[in-house]
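S.K.: Got a structure for you, questions after.
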Amino acid sequence: MKITLSVIKADIGGYVGHSCTHPDVVKTTEEYARKFIGDLIIDLKVLTCGDDIALVMTHQHGVDSEKIHKLAWDAFSAGTEVAKKLKLYGAGQDLLTDAFSGNIKGLGPGVAEMEFEERPSEPVIVYFADKTSPSAWNLALYEMFASPMNTAGLVIDPKMHEGFTFTVLDVYTGKAVKLSTPAELYDLLALISSASKYVVKEVHRNIDGEIAAVASIQKLSLIAGQYVGKDDPVMIVRTQSGFPAVGEALEPFARPWIVEGWMRGSHNGPIMPVSFEDATPSRFDGPPRVIAAGFQIANGMLVGPRDMFKDKAYDYARKVASDIANILRRQGIFEPHRLPSEEMEYTTLPKVIEKLSSRFFDMDTNVSSDKSNMLAKEDMD
Ligand code: F6R
Ligand code: MG
Ligand code: MG
């Protein structure tokens with residue numbers, strides 16, 4: 068049975084600020100989408116992470132289905148009505164236009180979709196993060212699908228031994244490249260270690276071309292050249308029987324690393340794996356959170372979710388993430404906690420700096436860039 072798994076997410080209003088969703092908004096969004104079960108969609112589950120809501124849907128309309136995208140758009144629009152009534156923060160913020168136009172990509176919400184023949188048993192994990200961007204998945208996907216130090220199956224399982232091919236997007240040009248590992252591992256790392264420029268879009272298994280993972284980056288690719296950066300991401304990973312074991316797919320998150328997107332999308336912070344309940348970034352609007360929702364798919368039905376990071380084995384990772392958060396917060400507004408200048412170009416900081424431009428003068432000649440300010444240096448002396 069061929070199944071499409073679509074995960075479509077949006078921030079349609081924060082409660083309070085950007086820290087969480089409101090239960091009434093989630094309820095209304097879910098109730099709207101639920102009406103289509105047994106008709107347009109086979110099954111639906113709703114996840115939340117921070118101020119974002121994700122619709123996890125199974126159906127048989129393939130990826131990029133206008134009907135499915137419209138369903139999600141309308142469900143988020145219904146939720147937005149409630150968010151507006153409650154005057155939630157940024158109500159409807161991810162619905163960038165007034166009207167749906169064929170494909171939800173580029174209209175605001177994030178989309179991760181894959182179509183596959185359902186296996187005799189189909190365990191998948193949906194990852195969902197807040198206060199970071201799709202580039203946060205780069206390190207995790209490398210470890211899951213290309214590092215034998217993380218994924219023992221790359222060495223042991225003959226179906227994985229041929230490796231995996233990564234599709235990598237340059238978010239500034241919109242161009243993508245496919246790199247096959249292990250042969251091109253170092254080329255892959257040469258790109259995706261520049262996480263603010265290159266983002267892994269999807270991963271396929273080399274032995275048969277099966278889709279293994281997909282991340283929500285389409286919005287970035289559509290508006291390439293005008294990088295909008297932080298788009299709290301979702302990702303789907305298929306597991307077991309020739310894909311990473313569930314534990315191998317979760318293992319990268321046991322050792323938190325530093326990602327972009329904390330406070331005002333302008334700071335680096337540790338990615339903290341948390342239970343569904345703890346996906347409520349508050350400290351300095353963070354630190355960035357990730358949840359992992361495990362599902363078994365049975366004839367298109369979503370059996371789950373299981374809250375995978377609720378496991379006590381991740382307590383240590385949460386402690387490490389808090390320690391990293393403390394170290395970075397000591398930097399205050401200073402780099403490298405705050406993002407480097409090139410990336411701040413896409414924030415409101417340049418407007419602040421622009422106001423100072425006329426006051427700059429040449430240190431050697433004392434000549435100001437603004438003639439009316441010739442004496443600037445002398446004044447200062
Ligand atoms: C949102 C985020 C937050 C906001 C911050 C300022 O994803 O990262 O940290 O950027 O709360 O929000 P505004 O500018 O709306 O006051
Ligand atoms: Mg928000
Ligand atoms: Mg968010």
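Counted the way the numbering used here counts, the sequence shown spans residues 68 to 448. A virtual CB, placed ideally from N, CA and C, is assigned to each residue, including glycine. Please read all numbers here as calculations on a predicted model, not as lab measurements.
1) In chain order, what residues place their C-beta within less than 7 Å of a heavy atom belonging to ligand 2?
2) Under the three-state reduction of DSSP, which class applies to PHE376: helix, strand or coil?
3) Is DSSP giving GLU148 helix, strand or coil here?
4) Examine ligand 1 and report whether any of its heavy atoms sits within less than 7 Å of the Cβ of GLY332.
5) Could you give the distance in angstroms between the alpha-carbon of GLU182 and the alpha-carbon of ARG397?
6) With burial defined as no fewer than 16 other Cβ atoms inside 10 Å of the residue's Cβ, what is the status of GLU269: buried or exposed?
7) Look at the alpha carbon of GLY81 and the alpha carbon of PRO340, and state the distance between them as a whole number of angstroms.
8) Assign VAL301 to one of three DSSP states: helix, strand, or coil.
9) In three-state terms, what does DSSP make of PHE320?
10) What separation, rounded to the nearest whole angstrom, lies between the Cα atoms of TYR194 and LYS226?
11) For PRO201, collect the residues of the same chain with a Cβ closer than 7 Å to its Cβ; drop the 5 residues on either side in sequence, then sort them by chain order.
12) Beta carbon of ASP352: closer than 7 Å to some heavy atom of ligand 3?
13) Kindly indicate which three-state DSSP category ARG426 falls into: helix, strand or coil?
14) Reducing DSSP to helix, strand and coil, say where GLY296 ends up.
15) Of all the options PHE103, VAL123 and PHE376, which has the alpha carbon lying nearest to the alpha carbon of ALA359?
16) Measure the alpha-carbon distance for SER134 versus LYS102 and round it to whole angstroms.
17) Taking 8 Å as the cut-off, decide whether the C-beta atoms of PHE343 and ALA279 are in contact.
18) Taking the alpha-carbon positions, what's the ARG305 to TYR383 distance?
19) Tell me the DSSP secondary structure of PRO190 in three-state form.
20) Would the beta-carbon of MET302 fall within 8 Å of that of ALA179?
M.R.: Looking at the atomic coordinates:
1) Taking every residue with its beta carbon within less than 7 Å of a heavy atom belonging to ligand 2 gives, in chain order, ASP78, GLY81, HIS85, ASP118, GLY157 and GLN160.
2) If DSSP states are grouped into helix, strand and coil, PHE376 belongs with the helices.
3) GLU148 falls in the helix class under three-state DSSP.
4) Of the heavy atoms belonging to ligand 1, at least one sits nearer than 7 Å to the Cβ of GLY332.
5) Spanning the two alpha carbons is a distance of roughly 45 Å.
6) Its Cβ being crowded by 16 or more others within 10 Å, GLU269 is buried.
7) Roughly 21 Å between the two C-alpha positions.
8) Reduced to three states, the DSSP call for VAL301 is strand.
9) PHE320: helix per DSSP, three-state reduction.
10) Cα-Cα distance, rounded: 24 Å.
11) Closer than 7 Å at Cβ, skipping near neighbours: VAL266, ALA282, SER283, ILE284, LEU287, ASP298 and PRO300.
12) No, Cβ of ASP352 sits at least 7 Å from all heavy atoms of ligand 3.
13) In the displayed model, ARG426 falls within a helix according to three-state DSSP.
14) With a pLDDT of 49 at GLY296, under the threshold of 50, the modelled position of that residue is not reliable, and the figure given next carries that caveat. Looking at GLY296 - three-state DSSP - the assignment turns out to be coil, as it is neither helix nor strand.
15) Checked all of PHE103, VAL123 and PHE376; the closest Cα to ALA359 is PHE376.
16) According to the sequence provided, residue 134 is Lys. The question's Ser does not apply to it. About 14 Å.
17) Between PHE343 and ALA279, the gap from beta carbon to beta carbon reaches 8 Å or more.
18) Spanning the two alpha carbons is a distance of roughly 26 Å.
19) The answer is strand: DSSP assigns PRO190 an E or B state.
20) Yes. Within cutoff.
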